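Visitor: Here full-length UniProt numbering is used: the first residue of the sequence shown is 1, the next is one more, and so on. Take this structure, written in C-alpha cells, and hold onto it; I'll ask about it next.
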Amino acid sequence: MAASVRAIHGRAVNGDDTAGRGVDDGRDSKVINAREAVLRRLIRRCAYLKYVEARLGDRTLYADEILRDGFCLNMIDTPLCPLKVVTNLQEAVWDADIVINGLPSTETREVFGEIGRYWKERINPPIIISLAKGIEASLDPMPRIITPTQMIANASSDDVLFVMGFIVAGVPLENILYLGGPNIASEIYNKEYANARICGSEKWRKPLSKFLRQPHFIVWDNSDLITHEVMGGLKNIYAIGAGMVAALTNESATSKAVYFSLCTSEMIYITHLLAEEPERLSGPLLADTYVTLLKGRNAWYGHKLAKAELTLEMGDSIKGKGTIQGVSAVNAFYELLSQGSISVTHPETKKHVAPVELCPILKTLYKILIKRELGTSSILEAIRDESMSDPRERIEMAQRQSLYRPSLLGLPKGDIKL
C-alpha cells in the first residue's frame, strides 16, 4: 500500500502545540546514556551536544526537537526512530493519504475543525485512524454520546450535516476508523506480543489491518466502530479507581479482585444500555480493561492521587504521561447516565431511576474527581458497602430487562452497520 501517512500528535491543554513544551533535563539523558545505539545515533546526527547542554542547564529542549531525534515527550523512557516533524498543521496534513489522530478527545474537535479548512479543495477525502479514547456527552436535544470519530467527521467541514451517526458532507464516516487495544504502547515498541482491533467500514478496515500487522502485533478488524470506541473510553474510568484501590490497600490482591468484580459488573451493565448484542463485546472489553488496570496511565494517575503525589488541582494533563482521559470520561458518562429520560427499573424498589443509580463506583469517582466532595479513600467505602448487592445480580438484571438505548450512540432504533 503506497500512502502518505501523517500522525497528528499532541497539543498542550493551553492550546499551544507540544512543540513549545520544555523537556525535563534529567530523564532524557538517562535514557540516552543507557543505550549505546542511541548514543551513536545522536553523535552521527550531530545532536548529542545539545543534550549535554540541557543536562548542564545551559539550554531548554523542546518536544518537537527531541521528537526529530526519536524521543517522545510522553514516552521519554522509550527511544523511538528519528521522525520527520513539522510544527505547521497545514503542512502536516494537507496532502496526507492517511492521518493518524493521536490527540486527546478534549482537543480533537478544535484541531480537526482547523484541519477541515485545509481539506476543502480535496477531491478524495483522506483516511483517518483515531487512537483517542475519551468521549463527550450531549444532552440536547436528547442524551447521547459523542465519540472522537464523530467529532472528527463533524469538524472536518464547515458544511457538514451530522445525522444519526452518518456524515452527509465532509470526511465520511466510512473513511474514519478507530484503533484500540488490548495493548500498552511502550510494550508494542519493545516488540512484545500484542493485539489490537481496527474498527470501521469493511472497505478500509480489512486492508488496513493487513497493512498494520507485524509478527509481534496482530491486528483484528471489526465493523462496530462507535461501540468499541465508547468501550475504549469506559474502561479508563474504572482504571482510575483501580489505581486508587491498589495504592490505598498496599496492593492487596483481594481488594483489587473485589474492585475488579464490582467495576466489571458496572461496565457490563452499561454495555447493555449501549449495545444490542453486548455479549459480543465482553471478551475485548474485559481484555482491554485488564491491561489498562495493570499498566495504563489512568491506573497510574489514580495511584498517584491516592498517594497524594498528584493533586486534582494539577489538572488532567500530566508531564511525561499526557492527558488522563478517564477524568473527562467520568464526567461524560455520569452526565449521560443521570438523565431521567433513559430511566430503568430498580431491581429492588421497582421504581424508575436514572441508570447511574445502579453504578455506585461511577458515582463515587464522579464525587471524587469532578465534584471534589470526597477524598480518594471513599473508593474503599464504595466497594466495602455492606448494603451492596452481589455484582452478579446487576448483570442478571441487565440481561432480564431490555436496556438497549440506540439513541445513546446517536443511532435510530434498529441495527446500523457502517
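For each residue, glycine too, the CB sits at the ideal point set by N, CA and C. Just so we're clear, the structure is a prediction, and the values are computed from it rather than from any experiment.
Alpha carbon to alpha carbon, how far is VAL160 from PHE211?
Guide: Along the sequence shown, one-based indexing puts residue 160 at 160. Along the sequence shown, one-based indexing puts residue 211 at 211. Residue placement at VAL160 cannot be trusted, given a pLDDT of 44 that sits under 50; what the coordinates show is reported in the next sentence. When rounded, the distance between both Cα atoms is 30 Å.
Visitor: What span of residues does the beta strand (DSSP E) with VAL219 cover, start to end?
Guide: The residue labelled residue 219 in the question sits at position 219 within the sequence shown. Start and end: 217–222.
Visitor: Going by C-alpha to C-alpha distance, which of GLU174, ILE184, ILE135 sits closest to ALA299?
Guide: Looking up residue 299 in the sequence shown gives position 299. ALA299 has its Cα closest to that of ILE184, out of GLU174, ILE184, ILE135.
Visitor: State the start and end residues of the unbroken alpha helix (DSSP H) segment that holds GLY233.
Guide: By 1-based counting over the sequence shown, the position of residue 233 is 233. Per DSSP, GLY233 belongs to the alpha helix (DSSP H) from 225–248.
Visitor: Are the CB atoms of GLY302 and GLY243 nearer to each other than 7 Å?
Guide: Indexing the sequence shown from 1 puts residue 302 at position 302. Indexing the sequence shown from 1 puts residue 243 at position 243. It is a contact, given that the beta carbons lie within the stated cut-off.
Visitor: Does the structure place the region 325–341 close enough to the region 359–374 that three or more beta carbon pairs sit under 8 Å?
Guide: yes
Visitor: For the beta strand (DSSP E) containing TYR113, list its first residue and its last residue.
Guide: Here residue 113 is taken as the residue at index 113 of the sequence shown, counted from 1. According to the sequence shown, residue 113 is Gly rather than Tyr. No beta strand (DSSP E) holds GLY113; the alpha helix (DSSP H) holding it covers 105–118.
Visitor: I need the boundaries of the alpha helix (DSSP H) containing GLY320, first residue and last residue.
Guide: Here residue 320 refers to the residue found at position 320 when the sequence shown is read from its first residue. Per DSSP, GLY320 belongs to no alpha helix (DSSP H) and is neither H nor E.
Visitor: Would you list the one or two residues that DSSP bridges to ALA196?
Guide: The residue you call residue 196 lines up with position 196 of the sequence shown. In the DSSP assignment, the residues bridged to ALA196 are VAL219.
Visitor: Do three or more CB pairs link the region 126–135 to the region 174–182 at distances below 8 Å?
Guide: yes
Visitor: Applying the 10 Å Cβ sphere with the 16-neighbour rule, what's the burial state of residue 435?
Guide: Because the chain here runs from 1 to 418, residue 435 falls outside it and cannot be looked at.
Visitor: Run the CB neighbour count on MET1, radius 10 Å, all protein chains shown included, and call it buried at 16 or more, exposed below.
Guide: As a working note, residue 1 is residue 1 in the sequence shown. Low per-residue confidence applies at MET1: pLDDT is 40, beneath 50, and the placement is therefore not dependable, though the value from the model is reported in the following sentence. Burial call: exposed.
Visitor: Whole angstroms is fine: what's the gap from TRP94's alpha carbon to ARG45's?
Guide: Numbered from 1 along the sequence shown, position 94 holds the residue referred to as residue 94. Numbered from 1 along the sequence shown, position 45 holds the residue referred to as residue 45. Going from the Cα of TRP94 to the Cα of ARG45 covers about 29 Å.
Visitor: Sorted by chain position, which residues of the same chain lie with C-beta nearer than 8 Å to LYS351's C-beta, five sequence neighbours on each side aside?
Guide: The residue given as residue 351 occupies position 351 in the sequence shown. Here the set comprises THR345.
Visitor: Is the region 282–290 touching the region 227–241 in the sense that three or more CB pairs, one from each, lie closer than 8 Å?
Guide: yes
Visitor: If you reduce the DSSP assignment to three classes, tell me which class TYR259 lands in.
Guide: Working through the sequence shown from its first residue, we reach residue 259 at position 259. The answer is helix: DSSP assigns TYR259 an H, G or I state.
Visitor: Over what stretch of residues does the beta strand (DSSP E) that includes LEU179 continue unbroken?
Guide: Within the sequence shown, numbered from 1, the residue matching residue 179 stands at position 179. Element bounds for LEU179: 176–180.
Visitor: Can you tell me whether SER186 is buried or exposed, with buried defined as 16 or more other CB within 10 angstroms of its CB?
Guide: Walking along the sequence shown from the start, residue 186 turns up at place 186. So SER186 counts as exposed.
Visitor: The beta strand (DSSP E) that contains VAL275, what's its start and end?
Guide: Sequence index remark: in the sequence shown, residue 275 carries index 275 (1-based). It should be pointed out that residue 275 corresponds to Ala in this sequence rather than to Val. No beta strand (DSSP E) holds ALA275; DSSP gives it neither H nor E.
Visitor: Assuming ILE43 is part of the beta strand (DSSP E), what are its boundary residues?
Guide: Counted from its first residue, the sequence shown places residue 43 at position 43. Looking at the DSSP string, ILE43 is not in any beta strand (DSSP E); the run it does join, the alpha helix (DSSP H), is 36–44.
Visitor: In chain order, what residues of the same chain lie with their CB nearer than 6 Å to the CB of TYR269, ignoring the 5 residues before and after it?
Guide: Along the sequence shown, one-based indexing puts residue 269 at 269. Answer for TYR269: ARG394, ALA398, listed in chain order.
Visitor: Please state whether DSSP places ASP159 in a helix, a strand or coil.
Guide: Within the sequence shown, the letter at position 159 stands for residue 159. Confidence at ASP159 is low in this model, with a pLDDT of 46, below 50, so its placement is unreliable and the value that follows should be read with caution. DSSP places ASP159 in coil when its eight states are reduced to three.
Visitor: Measuring only the C-alpha atoms, how far is THR227 from SER377?
Guide: By 1-based counting over the sequence shown, the position of residue 227 is 227. By 1-based counting over the sequence shown, the position of residue 377 is 377. About 32 Å.
Visitor: Assign SER261 to one of two classes, buried (16 or more other C-beta atoms within 10 Å of its C-beta) or exposed (fewer than that).
Guide: To locate residue 261, count along the sequence shown from 1; it is residue 261. Classification of SER261: exposed, given that the 10 Å Cβ count is below 16.
Visitor: Which residues does DSSP list as the beta-bridge partners of HIS352?
Guide: For the purposes of this step, residue 352 is taken as residue 352 along the sequence shown, with counting starting at 1. In DSSP, HIS352 forms a bridge with THR345.
Visitor: Provide the residue(s) that pair with GLU136 in DSSP beta bridges, ordered along the chain.
Guide: For the purposes of this step, residue 136 is identified with residue 136 of the sequence shown, where counting begins at 1. Paired residue(s): ILE146.
Visitor: Are VAL85 and LEU67 close, meaning C-beta to C-beta below 7 Å?
Guide: Locating residue 85 in the sequence shown gives position 85, counting from the first residue. Locating residue 67 in the sequence shown gives position 67, counting from the first residue. Yes, Cβ-Cβ distance for VAL85 and LEU67 is below 7 Å.
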